[in-house]
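Before any comments, here is the structure.
Protein chains: 2
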Amino acid sequence: MFFELQHTAPGGAARAGRLSTEHGVVETPVFMPVGTAATVKGVLHRDLADDAGARIVLANTYHLYLRPGVRVLEEAGGVHRFCGWERAVLTDSGGFQVFSLADCRKITEEGCRFASHIDGSSHMFTPESVIDTQRSIGADIMMAFDECPPGTADREYATRSLELTHRWLDRCWEQYERTEPKYGYRQSLFPIVQGVVYPDLRERSAEYVSHFPADGYAIGGLAVGEPAEDMYSMIEVVNAVLPGDKPRYLMGVGTPANILEAIERGVDMFDCVMPTRNGRNGMLFTTQGVINIRNERWATDFTPLDPAPVSFVDTAYSKAYLRHLAISGEMLAAQIASLHNVAFYTWLTGEARRHILDDTFAQWKPLILEKITRRL
Amino acid sequence: MFFELQHTAPGGAARAGRLSTEHGVVETPVFMPVGTAATVKGVLHRDLADDAGARIVLANTYHLYLRPGVRVLEEAGGVHRFCGWERAVLTDSGGFQVFSLADCRKITEEGCRFASHIDGSSHMFTPESVIDTQRSIGADIMMAFDECPPGTADREYATRSLELTHRWLDRCWEQYERTEPKYGYRQSLFPIVQGVVYPDLRERSAEYVSHFPADGYAIGGLAVGEPAEDMYSMIEVVNAVLPGDKPRYLMGVGTPANILEAIERGVDMFDCVMPTRNGRNGMLFTTQGVINIRNERWATDFTPLDPAPVSFVDTAYSKAYLRHLAISGEMLAAQIASLHNVAFYTWLTGEARRHILDDTFAQWKPLILEKITRRL
């Protein structure tokens with residue numbers, strides 16, 4: 002994988018770049034739609050690629066390990082061939098899921114024992130095993146195994162957790178170097194910076210991970226309950242340390258505002274379930290502001306979903322029709338809203354990129370932010 | 002609306018025709034996907050038109066009357082503009098739904114009082130009101146209001162019900178003639194033949210409806226619990242009476258086998274929820290036979306969904322991937338299976354049409370039937 006830093010905003014940290022994978026080029030800043038179980042919920046791959054313009058999607062090691070399982074993925078020849086997605090894939094290591102989804106857990110030095118949220122069966126993830134599993138999945142970008150403490154964790158817990166995450170990173174990297182890709186194309190491994198909201202811990206973690214000659218670095222453990230301002234200041238602390246010539250991925254973030262603030266602070270890659278999850282609940286992020294499509298006020302609004310369309314659905318369907326579908330519990334509502342929202346997120350990061358390259362990001366950001374965060 | 006009978010199979014009753022509506026030409030035999038609430042569940046309109054090739058969809062007066070309601074549909078300028086579907090629409094009169102879905106009911110000479118399945122609110126449908134509602138919906142083809150007795154109804158009930166349906170038809174027709182389309186294009190009204198499985202009642206009903214100068218005629222009250230052979234013989238009885246130069250619509254039918262048998266007996270139009278409902282449950286109708294995609298045997302079958310593709314999803318996705326989605330409860334499974342199945346039904350009726358025009362229907366039918374009804 003090769004990252005070319007193309008441009009940095011004058012007097013700022015916002016960056017535009019190009020990430021070349023063996024499954025295509027990804028222009029940054031980029032939003033990666035979340036395809037937990039190798040499906041971005043409610044969106045056909047063709048529409049994800051051709052309409053929403055997604056160049057890379059995220060899948061979850063935890064979910065794919067449980068279903069369909071490593072054997073099926075290996076027989077398929079990796080996740081791309083399994084699900085029919087020819088562009089890039091990044092896999093989360095499963096750390097976040099075993100701590101949040103799996104109902105039992107026991108964290109030891111060795112790793113984490115957890116109970117499947119599907120059938121309660123007992124499994125163990127270790128730094129080595131999650132690398133092996135990610136080799137079997139065959140993502141272009143793999144993530145290190147980390148513990149992800151809550152945003153309210155005290156300093157003592159945060160320090161212990163960080164040290165464990167660093168020791169796990171050592172083991173992940175060793176396993177990464179000991180093993181080969183299974184499907185003939187390169188797989189990168191991104192270390193993850195932790196440290197809750199403690200600037201010194203974040204700095205220490207950023208320094209630690211920077212010693213690994215990785216193709217990119219991730220910032221984890223943010224947007225997990227801490228105030229947004231703390232998140233932004235942690236990003237600043239971390240990005241002051243991380244190598245400037247490598248992509249930086251802010252995990253699981255966030256709202257359109259979060260993303261623009263993070264781009265301004267030098268983040269290149271994002272993922273978040275909001276476009277699809279909120280879409281399923283009837284929330285639309287549009288170029289004119291935020292819409293709760295279930296509101297009575299849209300009942301006879303026959304105007305397009307978004308007058309500045311980011312997806313073909315925006316002009317194909319009206320607000321009144323989408324409201325009718327949502328109120329009637331029709332699955333088409335979730336499909337339309339999910340595709341629109343994913344397209345909106347890719348549009349937003351694409352626009353940010355364009356303005357960075359034009360040296361107009363600083364002027365554009367407050368204007369677009371005011372516009373798209375309005376409640377309609 | 003104009004129907005041109007293009008060809009009838011030599012020595013048989015199978016027919017090919019062209020139905021011209023103000024929302025496009027519909028070649029027959031035709032399958033009309035069911036869009037109950039003005040959405041074919043799980044399928045984007047673009048894919049329904051361009052991929053599955055649907056030329057006409059069915060919507061339900063009962064559902065649209067309750068949600069979004071007549072006022073919204075009128076403000077939108079009719080159902081086509083409301084839902085963004087530019088091709089033809091047929092609306093069922095709501096008779097079947099008030100008897101099957103609405104939990105309370107009282108049938109009188111006047112009409113039917115029912116409780117909404119959504120909120121229990123009380124409503125009255127009369128022959129006049131369903132014509133008015135269908136005028137507001139703006140379907141290209143409207144259906145008469147009928148009582149639909151079960152397939153096991155005794156002769157006495159069947160006779161009384163039939164006579165009521167005929168008196169209701171008189172009132173529907175009067176209301177139809179008294180009223181005008183609201184959106185500037187012609188709306189046809191199809192009478193419905195009833196009579197359960199009693200040949201003399203079916204014949205009497207077919208004669209009765211034939212006196213109305215309608216653009217087409219429907220056969221109702223079949224596939225409601227009677228043996229398939231009874232259904233086929235009722236179709237023969239009815240089609241021997243109905244005018245040969247008008248389209249014949251067999252309501253709510255059915256399996257691929259039912260449809261081919263009915264085409265052979267001179268039916269031109271079909272609708273059924275099977276492609277979408279069974280699709281949501283993991284059943285695929287393919288050119289090679291019927292698949293229950295949830296079966297373990299597909300877990301590592303990475304071949305296309307259908308080797309003779311009827312939809313773009315057939316080669317975009319493998320059986321193993323679709324099984325994974327279905328087992329994981331992912332909505333994409335329902336989307337893929339629904340689109341495929343609807344495309345299969347339109348493909349099947351399109352193939353039947355082609356073989357009728359080629360004078361090869363009689364030879365083709367048993368071969369394709371054997372092939373597509375296999376359990377894989």
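Those protein sequences? They're chains V and C, same order as listed. Going from the first sequence to the working numbering is simple: count from 1 and add 1. Going from the second sequence to the working numbering is simple: count from 1 and add 1. From the three backbone atoms N, C-alpha and C, an ideal C-beta is built for every residue, glycine too. This one's a predicted model, so the numbers in the text were calculated from it and none came from an experiment.
On a CA-only basis, which of the options is nearest residue i? Give me that one, please.
i, options, result
"R281(C)", "H167(V), L333(V), A39(V), F191(V)", "L333(V)"
"R156(C)", "G217(C), E75(C), Q195(C)", "Q195(C)"
"A53(C)", "F115(C), I337(C), E178(C), A10(C)", "I337(C)"
"W365(V)", "R376(V), L49(V), L377(V), L349(V)", "L349(V)"
"P11(C)", "H341(C), H356(C), L59(C), E227(C)", "H356(C)"
"T62(C)", "G95(C), M33(C), C84(C), E75(C)", "G95(C)"
"R179(C)", "R136(C), I264(C), D141(C), S123(C)", "R136(C)"
"T361(C)", "L163(C), T316(C), R16(C)", "R16(C)"
"L65(V)", "T134(V), L190(V), E371(V)", "T134(V)"
"L102(V)", "L91(V), D93(V), F115(V)", "F115(V)"
"T313(C)", "G85(V), L358(V), E230(V)", "Rather than Thr, the amino acid found at residue 313(C) in this sequence is Phe. Answer by Cα proximity: G85(V)."
"I142(V)", "H167(V), D302(V), L163(V), R88(V)", "R88(V)"
"E331(C)", "P69(V), V26(V), R376(V)", "P69(V)"
"N279(V)", "T166(V), V343(V), A229(V)", "V343(V)"
"A38(V)", "E230(V), A154(V), T92(V)", "T92(V)"
"R298(V)", "L377(V), F3(V), T9(V), I57(V)", "L377(V)"
"C273(C)", "A224(C), P228(C), A154(C), P305(C)", "A224(C)"
"A263(C)", "V73(C), T9(C), A14(C)", "A14(C)"
"T166(C)", "P214(C), I108(C), S319(C)", "I108(C)"
In chain order, what residues of the same chain have a beta carbon less than 6 Å from the beta carbon of residue i, not counting five sequence neighbours either side?
i, result
"T288(C)", "D307, A309"
"I260(V)", "F271"
"A327(C)", "G283, I294, R295, A334"
"C173(V)", "P128, I132, A145, F146"
"T374(C)", "A258"
Hey, quick one: how far does the alpha helix (DSSP H) through residue i stretch, first residue to last?
i, result
"E371(C)", "362 to 373"
"N240(V)", "229 to 240"
"H8(V)", "No alpha helix (DSSP H) contains H8(V), which is instead part of the beta strand (DSSP E) from 3 to 9."
"D359(V)", "Here D359(V) belongs to no alpha helix (DSSP H), and DSSP marks it neither H nor E."
"E164(V)", "156 to 179"
"H325(V)", "320 to 328"
"R72(C)", "71 to 77"
"E262(C)", "257 to 265"
"G96(V)", "96 to 101"
"L202(V)", "200 to 211"
Pop quiz: residue i and residue j are said to be a contact at Cβ under 8 Å. What is the actual Cβ separation, rounded to whole angstroms?
i, j, result
"V31(C)", "D269(C)", "7 Å"
"G152(V)", "V210(V)", "Not quite, the Cβ-Cβ distance comes to about 20 Å (not below 8 Å), so this is no contact."
"L59(V)", "V35(V)", "5 Å"
Can you find the residues in the same chain that come closer than 7 Å, C-beta to C-beta, to residue i, ignoring five residues on each side of it along the sequence?
i, result
"G221(C)", "D147, C149, I193, V194, Q195, M252"
"R203(V)", "V194, G196, M235, V238, V239"
"T256(V)", "M275"
"N293(C)", "G283, M284"
"L67(V)", "S117, I119"
"S123(C)", "R114, A116"
"Q242(C)", "Note that residue 242(C) corresponds to Val in the displayed sequence, not to Gln. Result list for V242(C): E204, A207, E208, S211, in chain order."
"Y324(C)", "The identity of residue 324(C) in the sequence shown is Arg, whereas the question assumes Tyr. If we look at R324(C) and ignore the five residues flanking it on each side, its Cβ neighbours are I294, R295, W299, A300."
"V27(C)", "L20, R56, I57, A89"
May I ask which residues mark the beginning and end of the beta strand (DSSP E) holding residue i?
i, result
"A219(V)", "218 to 220"
"N293(C)", "290 to 293"
"P276(C)", "Element bounds for P276(C): not the beta strand (DSSP E) but the alpha helix (DSSP H), 275 to 281."
"N61(C)", "57 to 61"
"H24(V)", "That residue, H24(V), is in no beta strand (DSSP E); it is neither H nor E in DSSP."
"P34(C)", "31 to 34"
Anyone know if the C-beta pair for residue i and residue j falls short of 8 Å?
i, j, result
"G217(V)", "P182(V)", "no"
"G245(V)", "L6(V)", "yes"
"R47(V)", "A317(C)", "yes"
"I138(V)", "G79(V)", "yes"
"T347(C)", "A321(C)", "no"
"F303(C)", "A77(V)", "yes"
"Y233(V)", "E23(V)", "no"
"T29(C)", "R266(C)", "no"
"S21(V)", "M2(V)", "yes"
"T277(V)", "S339(V)", "yes"
"F191(C)", "F286(C)", "no"
Spatial neighbours of residue i within its chain, please: CB distance less than 8 Å, with the 5 preceding and 5 following residues excluded, ordered by chain position.
i, result
"E111(V)", "M125, T127"
"E352(V)", "W365, I369"
"K372(V)", "T288, Q289, G290"
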